[in-house]
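Chemist:
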Amino acid sequence: MQNKQINWDVFFQIFENNILSLNSVQKNQFFSFYDFLLDWNKKINLIGRQEEGIISRHFLNSALIAFFVKFKKEQKVIDIGSGGGFPAIILNIIFSETQFTLVESIKKKCDFLQEAAKFVGLKNLLVINERAEKIAKTKSFSSQYEFVTARAVSALDELIPLTSPFLKNEGRMLFLKGRQVDIEVESVKKSNWPDKYSMTIHRFQNIPFIPSDQESALVDIKFFLDR
Numbered sequence: 504m505q506n507k508q509i510n511w512d513v514f515f516q517i518f519e520n521n522i523l524s525l526n527s528v529q530k531n532q533f534f535s536f537y538d539f540l541l542d543w544n545k546k547i548n549l550i551g552r553q554e555e556g557i558i559s560r561h562f563l564n565s566a567l568i569a570f571f572v573k574f575k576k577e578q579k580v581i582d583i584g585s586g587g588g589f590p591a592i593i594l595n596i597i598f599s600e601t602q603f604t605l606v607e608s609i610k611k612k613c614d615f616l617q618e619a620a621k622f623v624g625l626k627n628l629l630v631i632n633e634r635a636e637k638i639a640k641t642k643s644f645s646s647q648y649e650f651v652t653a654r655a656v657s658a659l660d661e662l663i664p665l666t667s668p669f670l671k672n673e674g675r676m677l678f679l680k681g682r683q684v685d686i687e688v689e690s691v692k693k694s695n696w697p698d699k700y701s702m703t704i705h706r707f708q709n710i711p712f713i714p715s716d717q718e719s720a721l722v723d724i725k726f727f728l729d730r
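Quick note on the working numbering: the sequence shown kicks off at 504 and runs consecutively.
See below:
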């Protein structure tokens, strides 16, 4: 098995290899968030107690969405179950002009997310302390977003109906999934896969330093409201 330990130089080089240039401000924001995350992880469990491989296991894995999708300034993204800030804070560092809404039901984690955004200097980020299913169909959140993201939240057959109410017509669900992705996809297809969704699976086999026991694919689902 290849060495999964990477340093920041390798992390940023992977961005360059995938035609994503980061400026010095963004790089410093990554450093700041890394330090802030480790400090808070001593107080509350955000990423587990194992600090080994955090850059590849969490930072790089979250950033992979940016290799397939480029968020624009006028678009809005909602992240469900934001927890330790993955992938939302990583993506907001990369796409700083895009508005991100982070939904997290645990108050302590919301406190972390809010303080992290301030510490890192993210101005287009809003944290909501609520359960996603409670706000999904309310006027303020229903059909308001171009994208919804999630990582390590629940299986696809639960995520799709949970998150689709947030999306505008032709909005996209972007879910980072692990080695069980094919099983989850088949399960969804067997349960009356509706015509209003179309799905693409982006595999990560050719991207170095992705741990084999972690997320291995991005499930990209387009939602057609008017079908």
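For glycine and all other residues, C-beta sits at the position ideal for the given N, C-alpha and C.
1. Using 10 angstroms around the beta-carbon of I597, count the other beta-carbons present and answer buried if the total reaches 16, otherwise exposed.
2. Measure how close the beta-carbons of S535 and V623 come, nearest whole angstrom, since I'm counting them as under 8 Å.
3. Could you tell me if E607 is buried or exposed, where buried requires 16 or more neighbouring beta carbons within 10 angstroms of its beta carbon?
4. Would you say the beta carbon of M676 comes nearer than 6 Å to a heavy atom of the ligand GDP?
5. Using the Cβ count rule (16 or more neighbours within 10 Å means buried), how would you classify W543?
6. Should the stretch 615 to 630 be called in touch with the stretch 643 to 654, which here means at least 3 C-beta pairs below 8 Å?
7. Using DSSP with H/G/I as helix, E/B as strand and the rest coil, what is E649?
8. Under the three-state reduction of DSSP, which class applies to V684: helix, strand or coil?
9. Taking its Cβ as the centre, do 16 or more other Cβ atoms sit within 10 Å of N506, making it buried, or is it exposed?
10. Roughly how many angstroms lie between the CA atoms of N531 and K546, to the nearest whole one?
11. Shortest alpha-carbon distance to L525 belongs to which of A720, K725, W696 and N595?
12. With DSSP as the reference, label D729 as helix, strand or coil.
Modeler: If we stick to the structure as given:
1. The sequence position of residue 597 within the sequence shown is 94, counting from 1. Classification of I597: buried, given that the 10 Å Cβ count is 16 or more.
2. Translated into the one-based positions of the sequence shown, residue 535 becomes position 32. Translated into the one-based positions of the sequence shown, residue 623 becomes position 120. S535 to V623, Cβ: 5 Å. Contact.
3. Sequence index remark: in the sequence shown, residue 607 carries index 104 (1-based). The residue is buried, with at least 16 neighbouring Cβ atoms inside 10 Å.
4. This structure lacks the ligand GDP; in fact it carries no ligand of any kind.
5. The sequence position of residue 543 within the sequence shown is 40, counting from 1. W543 is buried by the Cβ-count criterion.
6. no
7. Against the sequence shown, residue 649 aligns to sequence position 146. In this structure, E649 counts as strand in the three-state DSSP scheme.
8. Residue numbering aside, residue 684 sits at position 181 when the sequence shown is read from its first letter. If DSSP states are grouped into helix, strand and coil, V684 belongs with the helices.
9. Residue 506 sits at position 3 when you count from the first residue of the sequence shown. Bear in mind that a pLDDT of 43 at N506, under 50, signals an unreliable position, so the number given afterwards is only what the model happens to contain. Classification for N506: exposed.
10. For this step, residue 531 is matched to residue 28 along the sequence shown. For this step, residue 546 is matched to residue 43 along the sequence shown. When rounded, the separation of the alpha-carbon atoms in N531 and K546 is 23 Å.
11. Sequence index remark: in the sequence shown, residue 525 carries index 22 (1-based). The shortest Cα separation from L525 among A720, K725, W696 and N595 belongs to N595.
12. In the sequence shown, counting from the first residue as 1, residue 729 sits at position 226. Note: D729 maps to coil in three-state DSSP.
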